Amino acid sequence: MDTIIIQLLNGLDKGGAYALIALGLTLVFGTLGVVNFAHGALFMLGAFCAVSMHQLLTISKSVKDESIKFFDAFKEQPYLEIWWGDTGTAIIDYSVPISILLAIPLMLAIGIAMERGLIRHFYRRTHAEQILVTFGLAIVLQEIIRHFYGANPIPTPAPATFSGSAPVGSLVGLGENVVYPWWRLIYLGFSLSIIGAVFAFLKYTTFGLVVRAGMADRDMVGLLGINIERRFTIVFGIATIVAGLAGVMYAPILPPDYHMGMDFLVLSFVVVVVGGMGSLEGAVFAGFLLGILQSFAAMNEVKSILPGIDQIIIYLVAVIVLLVKPRGLMGKKGVFED
Amino acid sequence: MKNEKILKSNNIPLYMVIFSVVVLTMPLWLEPIGAAYPDLLQKFAIFGIFAVGFNILFGLTGYLSFGHATFLGVGSYTAVWSFKLLTMNVLPAIIFSMVLAGIFALLIGYISLRRSGIYFSILTLAFAQMSYNLAYSVLTPITNGETGLQLSKNDPRVVDGLFVEVGQGIPSTNLFGLEMSGYQGFYFCAVLLIIAFYISLKIFNSPFGLNLRAIKSNQTRMSYTGYNTKPYLLAAFVISGMFAGLAGGLLAVTDPLAGAERMQWTASGEVVLMTILGGVGTLLGPLLGVGIIKYLENIFSSIGVKELGDFFSFVPDSMHAFVVDFSSLFVGEGWHLTLGLLFMIIVIFLPGGIMQGFDKIKNLMSKKDKE
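What follows is the structure, encoded as structure tokens:
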């Protein structure tokens, strides 16, 4: 029982990341009709927002280490600590949450620039060409990151308060053995609230209403005299922000490196297809489903029966779903069928 | 896509002779640009075969496969195993590579081709990732995991053992005694490239090729006229898979080592890039793409900051550091950045690749002539 709960939680936080990326992907599919292979790169950029913020806050100067008496020793001390003492230390500690403030405007700007500059010209081109040009863009983005940050993963710590493990077991009365890292729990909650926010935005605002109408029949909305293109730009910006925030908060879980986006991209594409192209609920559902399946497949008990299953489970599920339910689990009729 | 035949049939022999001469004299005419050394020439020929095969699927039918590197990897592993178990002769190795890659292509194609468009791409991608992940993990006894499959002195080599005395060290790959390294290796690959190109030319000109192009332009109409399109697609998929297997086998022939990274989806992306860059659906385009990408890769990735400094020595001192810094983004390790940019530019402005560019120039010229 304990192991099942732990695997379930393990799957949920990974599933949260999948769901967030897939949500943005499918939002862009559904509205703009564009297959964006650079979406994983946006996730990666988000993670590097956290890295940059951490590096920015810990810009240091060499000061004499007073604790060593025998010779002149120097240590690096961040300016923030020198200026503000303990407050500075606390700020540095919270660099990952703080970088959300940086990530939102930055990702929005990147998203709008990308849509205006590139994606817009590919509305009417074939899907193959959309895939190819965004694939090229993804390569460019990740190579730029590699140039500035190197090829190695950069560990980015979560705030010290959350670095321990949460006694999940004793909270729900299942025994002391069930513990789970705080930060992953927070990530789960964070992704759920972002997903909720996006859904609420689409469901309860006039803007969202128009966007949903555009997803259903874009030409019709255009004929009604609504400037749908401008809204699509904003939708793309939102998708970018969602991917970026998913990346920011994921940085403490997985030290970011330049190709993390590509790794997640392939998975999130599979998630989108399994959930059904253009279906937001499907993307979220499939994201969590595949995350959980993956973590259960990684259990030793399962692996001893089916060796290697943990490596292929997601793709296997995708193949089966695509063949049995061509539209995906929750795909709507008429969206991206061919 | 024009519906006329690409070449008139009676021109084919002439065309092939020219093509063969051009390919076989590559060591001569590539000398001035510094690309005439065996290693790079072999790569031209091998990836040429890969791209020509990929073009049969993508160029003719429009089905974009993101999993073709699987067949390349399968080919490499098969060839190395053939070297290990049977003989260092390359003929059985490449035959086995093609057969096994063909079988893989048959299985994967049979399932993937039940869908089309982007779903087909995702399905092939899923199969490719499955093969890659398995090759890294559970199949380690066959693939030797991260280290990659290598020859060793203790391999059985059953057939070789019957005829040849076991010598010192690891024997090298050979074609009935002719060692497959350096220029000999290149000529072997080049001959196979010529054969592969001839087959692709024949396919482009055959009724089968016409059927494939009809599928690309309108599959529904094609099936309304009574054609079952699936067998045609599957045949194209298997053929291009076998070409990829052959290329993989040749990679192992010239350097008997096989690693799983050859199967990663970025490797599949690379062949897509080459084909697109040259011109999808044209005969020569993919080869041009291979040549350009492999050549530039070779040049750009070898340039360091020092070479840049010398190159930009004409720039005024105040700007010098900046210019060198900026351009160092694009060379050495950053070669992929150049590749990505080049690729985006091609897709944005010349979706038909370099061959389309040639056509445009030709049209401009002929217009001028008329005036």
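Chains as they are written, first to last, in my numbering: chain Y, 1413 to 1750; chain A, 1185 to 1555.
All residues carry an ideal CB built from backbone N, CA and C; glycine is no exception.
All values derive from a computational prediction rather than experimental measurement.
- Message: Just to check my reading of the structure: F1203/A and V1464/A have Cβ atoms closer than 8 Å, yes? What is that Cβ distance to the nearest angstrom?
- Response: About 19 Å separates the two Cβ atoms, so there is no contact after all.
- Item | Supposed close pair M1427/Y, I1704/Y - CB separation, criterion 8 Å | Correcting the residue type first, residue 1427/Y is Gly in the shown sequence and not Met. Contact between G1427/Y and I1704/Y holds: CB atoms are separated by about 6 Å, below the 8 Å threshold.
- Query: Taking the alpha helix (DSSP H) that P1470/A falls in, what are its first and last residues?
  - Reply: It spans 1469-1486 - the alpha helix (DSSP H) in which P1470/A sits, taken as one unbroken run.
- Measure the Cβ-Cβ separation of V1729/Y and V1686/Y and say whether it is below 8 Å. Cβ atoms of V1729/Y and V1686/Y: closer than 8 Å.
- Task: State the DSSP-derived secondary structure class of G1690/Y, mapped to helix, strand or coil.
- Result: DSSP places G1690/Y outside both helix and strand once states are collapsed to three, so it counts as coil.
- is_contact[Q1419/Y, chain A] using C-beta, thresh 8 Å: Using a CB distance cut-off of 8 Å, Q1419/Y does not count as an interface residue toward chain A.
- Query: Okay, do the stretch 1461-1477 of chain A and the stretch 1493-1502 of chain A touch, 3+ Cβ pairs below 8 Å being the bar?
  - Reply: Inter-segment contact for the stretch 1461-1477 of chain A and the stretch 1493-1502 of chain A is absent: fewer than three beta-carbon pairs are separated by less than 8 Å.
- Task: Return helix, strand or coil for A1578/Y, following the three-state DSSP convention.
- Result: A1578/Y: strand per DSSP, three-state reduction.
- Under three-state DSSP, which class holds K1337/A? K1337/A carries a coil assignment under DSSP once its states are collapsed to helix, strand and coil.
- Item | Where E1555/Y falls, given that 16 or more other Cβ within 10 Å makes a residue buried | Buried, because 16 or more other Cβ atoms sit within 10 Å of the Cβ of E1555/Y.
- Message: Looking at the secondary structure, which residues open and close the beta strand (DSSP E) in which K1490/A lies?
- Response: Careful: K1490/A lies outside any beta strand (DSSP E), inside the alpha helix (DSSP H) at 1489-1495.
- Which class does S1321/A belong to by DSSP, given the choice of helix, strand or coil? Residue state, collapsed to three classes: coil.
- Task: Would you mind telling me which residues of chain A sit closer than 7 Å to H1539/Y, beta carbon to beta carbon, in chain order?
- Result: At a beta-carbon threshold of 7 Å, the residues of chain A lying near H1539/Y are G1301, I1302, ordered along the chain.
- Message: Please classify I1379/A as buried or exposed, where buried requires at least 16 other C-beta atoms within 10 Å of its C-beta.
- Response: Burial is judged here by how many other beta carbons sit within 10 angstroms of a residue's own beta carbon; I1379/A has fewer than 16 and is exposed.
- Message: For T1459/A, count the other beta carbons within 10 Å of its own beta carbon; 16 or more makes it buried, fewer makes it exposed. Which is it?
- Response: Buried, because 16 or more other Cβ atoms sit within 10 Å of the Cβ of T1459/A.
- Pull out every residue of the stretch 1302-1321 of chain A whose Cβ sits closer than 8 Å to any Cβ of chain Y, in chain order. So the close ones are I1302, Y1303, S1305, I1306, L1307, L1309, A1310, F1311, Q1313, M1314, N1317, L1318, Y1320, S1321.
- Message: If you measure between the beta carbons of V1463/Y and T1568/Y, is that distance less than 8 Å?
- Response: It is a contact, given that the beta carbons lie within the stated cut-off.
- Message: Taking 8 Å as the threshold (beta carbon to beta carbon), is A1730/Y in contact with chain A?
- Response: By this cut-off, A1730/Y is an interface position.
- Just how far apart, CA to CA, sit G1442/Y and T1415/Y? Near 38 Å, if we compare the C-alpha coordinates of T1415/Y and G1442/Y.
- Message: If contact is defined by three or more beta carbon pairs under 8 Å, each pair taking one atom from either stretch, is the stretch 1268-1277 of chain A in contact with the stretch 1390-1399 of chain A?
- Response: Judged by Cβ distances under 8 Å, the stretch 1390-1399 of chain A makes no contact with the stretch 1268-1277 of chain A, as fewer than three pairs qualify.
- Query: Any idea what DSSP makes of E1188/A, helix, strand or coil?
  - Reply: Confidence in E1188/A is poor, its pLDDT being 46 and thus under 50, which makes the residue's placement unreliable; the coordinate value appears in the next sentence. Coil.
- If we count the other Cβ atoms within 10 Å of its Cβ and call it buried at 16 or more, is N1187/A buried or exposed? Residue placement at N1187/A is flagged as unreliable, the pLDDT there being 42, under the threshold of 50; the coordinate-derived value follows with that caveat. Answer is exposed; the Cβ neighbour count stays below 16.
- Buried or exposed: which applies to H1533/Y, given that a residue is buried once 16 or more other Cβ atoms fall within 10 Å of its Cβ? Label assigned to H1533/Y: exposed.
- Query: What does G1720/Y reach in chain A if we use C-beta pairs closer than 7 Å?
  - Reply: Here the neighbours are L1318, S1321, V1322.
- Task: Residues of the stretch 1433-1453 of chain Y with a CB closer than 8 Å to any CB of chain A: list them in chain order, please.
- Result: Within the stretch 1433-1453 of chain Y, the qualifying residues are V1447.
- Item | Within-8 Å CB hit, I1556/Y to chain A | Residue contact check for I1556/Y against chain A: a CB pair falls below 8 Å.
- Are there three or more Cβ pairs, one per stretch, closer than 8 Å when the stretch 1620-1637 of chain Y is compared with the stretch 1420-1438 of chain Y? Because the criterion of three Cβ pairs below 8 Å is not met, the stretch 1620-1637 of chain Y and the stretch 1420-1438 of chain Y do not touch.
- Item | Opening and closing residue of the alpha helix (DSSP H) in which E1488/Y lies | That residue, E1488/Y, is in no alpha helix (DSSP H); its beta strand (DSSP E) goes 1486-1490.
- Message: By the three-class DSSP mapping on this structure, what secondary structure does S1384/A have?
- Response: Judged by DSSP in its simplified three-state form, S1384/A adopts helix.
- Closest residue to V1343/A among G1332/A, G1329/A, N1328/A, F1360/A (Cα-Cα distance): Nearest C-alpha to V1343/A: F1360/A.
- Give a yes or no on contact between the stretch 1711-1730 of chain Y and the stretch 1271-1291 of chain A, applying the rule of three or more CB pairs nearer than 8 Å. Too few Cβ pairs lie closer than 8 Å, so no.
- Query: Helix, strand or coil: which one does DSSP assign to V1499/A?
  - Reply: Taken through DSSP and simplified to helix, strand or coil, V1499/A comes out as coil.
- Closer than 8 Å to chain A by CB, V1733/Y: Cβ-Cβ to chain A under 8 Å: no for V1733/Y.
- Name, going along the chain, the residues of the stretch 1443-1458 of chain A whose beta-carbon falls closer than 9 Å to a beta-carbon of chain Y. Answer in chain order: W1449, T1450, G1453, V1456, L1457.
- Item | Proximity of L1435/A and S1249/A at Cβ, strictly below 8 Å | For L1435/A and S1249/A, no; Cβs fall outside 8 Å.
- Message: Taking only three categories from DSSP, how would you classify P1211/A?
- Response: Three-state result, P1211/A: helix.
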